[in-house]
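Undergrad: Protein chains in written order, with the working numbering: chain Z, 1 to 588; chain P, 589 to 1176.
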């Protein structure tokens, strides 16, 4: 057993070179063991076991700096840098995060989660190293999927005229989250098939030195290759072919399904907790659109599964040019949508809230300035969405509600979602974004609202004294609090579903002044710059008391949505207490 | 005279091919005539005269779709598409904008201003054309400078697997706004020098078909080349070498200075209104930093002149690796800064507010999540900044104030700027952005504020009854209004300079409740989601009347800052009237 002796990269370096394959195998076994219990990013980590062993054998971390792109492939790195217990001992499984984390180790330099940033970050460290007169190696490890992102290209372009040490490892397993898309991948294939000799070389095209290694699971050859570029005096791309999911036959075979997932049985890969059941509301709305509107085109930036598009169905729509996966390239996706809509087509871009941040400028300039009627589905928004700081998604309202021309809708039920989606994809007056709730409930009541009447809030129940205005996902909580308060006091308060996050219903808000003294706003995102503050501003000189409830401005991570909301004062009891306090005063 | 007969592209197509060079020369003469009177983008437009004539001769606009990247080179296109009077007749000079504009003509498809979007927009139109079963040509015209932007690359990558008609004209004049930066440009040079035959070909590296034309000012050859790709059934890159500023020797020679500018004398290029005098406050702060801090690195994304870095001084700092121009690649610039700061260096990124939008995700994830003490100088923010909707910059506060860890400072004087800059670039606790006022005044009073005491607002003058809280640039107006009101009524109101846009001074705000009934906030940006709403939220249940003044949510364009502010209720008389009305009530 080698792994038990490895407590830091220094221990890796102490091994004899012929012992490294055994260390790699033990590392892989530890990985599989933990992954089978906890789930996680299976494919990417199994693919870089040998590469990681070789990197720590040849380089001297933390003096030499390793920057992992996305960093969802950092588990072997964590195992070899003093954190193996978190992979071998179930009692410690939860002690490490799934991404590089400077708080855990001096061998991690950045908290990462988004793609295509490693070469820029490494370039920055290299530039600083030069200013400090240092001589360490700076190494970025980037996957083929991330290479489709514009930020990676921008950095490779800058690297192409940089004149110091910079080692860029392209970890090519011929797979993004889903399959790769783009002309780049034809060139990568040629390079793999020619042993790196093909004339068409996108790296040399950026003035970069280039090396190729075909067997990215041969530690010996990896060590040789890395030793040949150690202390190099200029930027070099080391293109290494690896196998995503290496070591688990079912994962090697079905690379998309095994990108990440839950606990599984090692023998056959069967999920321990059963196959997850996905809500099909979004998927169904999209296929209905594609079937009924021959000019509809649905776009994804590398995450087709987020909209339920998989297998043959996806392939068929792609074949017809009606479903387009541009790869991890949100900027491009947004601008393509604008082109589709300008031509007269119906464009829908489905994207996780956290990744929509990448297309902020394109939303403003390409879509909204041109007022092209694109529909953006904002997936996994707010506290109920992604729960790691590596995929920050608590500020979708801040990103969108100030953009001129954009209508941002927040459904609270499946029926509302469907009606809003129909509205967005059939009107031609403005771009629309829809904040798709994570837990989207079927209310049973059909929604026939005419959303072309912009900025009309819905009165869920009309009472007096106080009004609760709750963003989409929080409508159920607002209703429950109102009900609990009613049952206890006999007083009926008003509950409002604003539906439109990008505007105020001035008439309704004004109307409340007649018999309300308090308005409480609820949102499952960061409070600062979000939805509620606008309501406070509206009532600023109207004598209406306004309490805005939302989440504090911080990179919350690994949270439970309900707990975070409660901590932010968003809970039934707190709402009842606020009503008690304020409406009681009224009677004094 | 040919030009007088040209009222639409159809008229161009009616000419005999041998008449086209004369039309081009007349077009160039018209351009030079107008530019010499009004200024504008000189270099880019003079460089595409022949190309534009050839495009309209070969293709059939508006059936065939021309998409101009950035579109600052669209003047010849406007001349040939029914808008020539705006170039030939001084009485009509102001009737067209400086960018493509669908409101002006069916030959313009998008309002553009930011770089690197044309290929995405064209791809979107091509995808929609396919869905509609159309057969027109879709043509993107993109400059070499814009090719450094990630969005262009993402789109070229997608184009590399697209299977329909798409013609991408690379207009290569070997110059961005300033000189080009990046490895790509070594490859473009080789292609130019080899007549397109060099093995290193970044376009073929993305699986794209490729053609080269060396003389981009020979209309005949251009026509031949364009005819050869008309109705092509797959994407093709047509790489055309042109000369920026073609036809004006001084502009051809000094391409950076002649990128854009004011009116000039045709005979020698001397500016008619004298040489512009630039404020050197930002430049001086940066050179002082570079000279005193050996680990400081200043970054720009293609606009070094925005920070006053030109000529030999710029070349010297670049040579030392202390000034880095990454080209038009804001995402990369922001992430490089994070790498520099993580290593321990001092990173400063100077960027126009409108272009910072491109780095929104990198600000959040690469810089702020990692809490790396980068300094971002936000240039030309708000109403006093860029005044065209093509360079929307009225929402910098919306973009920044909700990001955790980021401190956003708003100086109101040169002295405050200098002290804030010193603070930002010497502390290591958090990233900082500084909202650099456009008209930055020297107050004469040294600023010794300790900005490490976060979120402490400054009381400019303490009075009672009402308080004016004004963001940076609007402090002078707030002071004037307070003074005017005092002179008329003898009542002294409070004036507050918040300095920190990203937080509230809770103690001070609470303190105001004792003897103030009204708070008015002033900001020179869009009101929705901006600074003031947070103050309204703070006072929501405190019985303080709050009036938030800011600009309406719209793509304001071609505005005068004072007029737009006045229209938004931000003016001395309006402030006095608000004070009158509210403080009078107090006495009733």
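Where a beta carbon is used, it is the ideal one built from N, C-alpha and C, also for glycine.
Bear in mind the structure is a predicted one, so any value in this text is a computation, not a measurement.
(1) Less than 8 Å between the CB atoms is what I'm expecting for residue 640 of chain P and residue 665 of chain P, so what's the real figure, rounded?
(2) Could you list the residues in the stretch 776 to 800 of chain P with a C-beta less than 7 Å from some C-beta on chain Z, going in chain order?
(3) Please state whether DSSP places residue 749 of chain P in a helix, a strand or coil.
(4) Looking only at DSSP bridge pairs, what is residue 731 of chain P linked to?
(5) For the stretch 511 to 581 of chain Z, which segments carrying the alpha helix (DSSP H) assignment without a break, of at least 4 residues, lie completely within its bounds, in sequence order?
(6) Any heavy atom of the ligand PLP closer than 7 Å to the beta-carbon of residue 52 of chain Z?
(7) Tell me which same chain residues have a C-beta within less than 6 Å of the C-beta of residue 547 of chain P, skipping the five on either side of it?
(8) Using a C-beta cutoff of 8 Å, does residue 554 of chain Z count as contacting chain P?
(9) Check whether the stretch 717 to 731 of chain P touches the stretch 134 to 148 of chain Z, taking contact to mean three or more Cβ pairs, one atom from each stretch, closer than 8 Å.
(10) Excluding the 5 residues flanking residue 1068 of chain P on each side, which residues of the same chain have their C-beta closer than 7 Å to its C-beta?
(11) Residue 605 of chain P: buried (16+ other C-beta within 10 angstroms of its C-beta) or exposed?
(12) Counting pairs of Cβ atoms below 8 Å between the stretch 523 to 537 of chain Z and the stretch 1115 to 1123 of chain P, do you hit three or more?
(13) With distances taken between CB atoms, is the gap from residue 308 of chain Z to residue 770 of chain P smaller than 8 Å?
(14) According to DSSP, is residue 591 of chain P part of a helix, a strand, or is it coil?
(15) Please check the pair residue 947 of chain P and residue 929 of chain P, which I expect to be a contact at CB under 8 Å, by giving their CB distance rounded to whole angstroms.
(16) Let me see if you follow: with CB-CB separation under 8 Å, is residue 1155 of chain P close to chain Z or not?
(17) What three-state label does DSSP hand residue 85 of chain Z in the structure shown?
(18) Of all Cβ atoms in chain P, is any one closer than 8 Å to the Cβ of residue 588 of chain Z?
(19) With a 10 Å radius around its C-beta and 16 neighbouring C-beta atoms as the bar for buried, classify residue 452 of chain Z as buried or exposed.
(20) Is there a Cβ from chain Z that is less than 8 Å from the Cβ of residue 1054 of chain P?
(21) Counting only C-beta atoms, is residue 438 of chain Z closer than 8 Å to chain P at any point?
(22) Against chain Z, does residue 1015 of chain P count as a neighbour if the rule is that its beta carbon must be under 8 Å from one of theirs?
(23) Count the CB pairs spanning the stretch 415 to 429 of chain Z and the stretch 261 to 273 of chain Z that are closer than 8 Å, and state whether there are at least three.
(24) Since residue 755 of chain P and residue 820 of chain P are thought to touch, with beta carbons under 8 Å apart, how far apart are those beta carbons, to the nearest angstrom?
(25) What would DSSP say about residue 1041 of chain P, mapped onto helix, strand or coil?
(26) Compute the distance between the beta-carbons of residue 1135 of chain P and residue 1166 of chain P, then report whether it is under 8 Å.
(27) Measure the beta-carbon distance from residue 24 of chain Z to residue 50 of chain Z and round it to whole angstroms, keeping in mind my assumption that it falls under 8 Å.
(28) Which first and last residues belong to the beta strand (DSSP E) in which residue 656 of chain P is found?
(29) When the cut-off is 8 Å and only beta carbons count, does residue 651 of chain P lie next to chain Z?
(30) Is DSSP giving residue 99 of chain Z helix, strand or coil here?
(31) For residue 986 of chain P, would you say it is in contact with chain Z, using Cβ-to-Cβ distances shorter than 8 Å as the test?
(32) Whole angstroms is fine: what's the gap from residue 177 of chain Z's alpha carbon to residue 256 of chain Z's?
(33) From which residue to which residue does the alpha helix (DSSP H) around residue 720 of chain P run?
(34) Between residue 99 of chain Z and chain C, is the shortest Cβ-Cβ distance under 8 Å, so that the two count as touching?
(35) Name, please, each residue of chain Z whose Cβ falls closer than 7 Å to the Cβ of residue 1128 of chain P.
(36) List the endpoints of the continuous beta strand (DSSP E) containing residue 297 of chain Z.
TA: Judging by the given coordinates:
(1) 5 Å
(2) 787, 788, 789, 790, 792, 793, 794, 795, 796
(3) coil
(4) P:759
(5) 532 to 538, 561 to 567
(6) You won't find the ligand PLP in this model; it holds no ligand whatsoever.
(7) Since the first and last residues shown for chain P are 589 and 1176, residue 547 of chain P lies out of range.
(8) yes
(9) no
(10) 1160
(11) exposed
(12) yes
(13) no
(14) helix
(15) In fact, because the Cβ distance is near 15 Å, the residues do not count as touching under 8 Å.
(16) no
(17) helix
(18) In this prediction, residue 588 of chain Z scores a pLDDT of 41, lower than 50, which makes its location untrustworthy; no coordinate-derived value is stated.
(19) exposed
(20) no
(21) no
(22) no
(23) no
(24) 7 Å
(25) coil
(26) yes
(27) 5 Å
(28) 653 to 656
(29) no
(30) coil
(31) yes
(32) 6 Å
(33) 706 to 720
(34) Although the question refers to chain C, the structure presented lacks it and instead comprises the protein chains Z and P.
(35) 536, 545, 546, 547, 548
(36) 296 to 300
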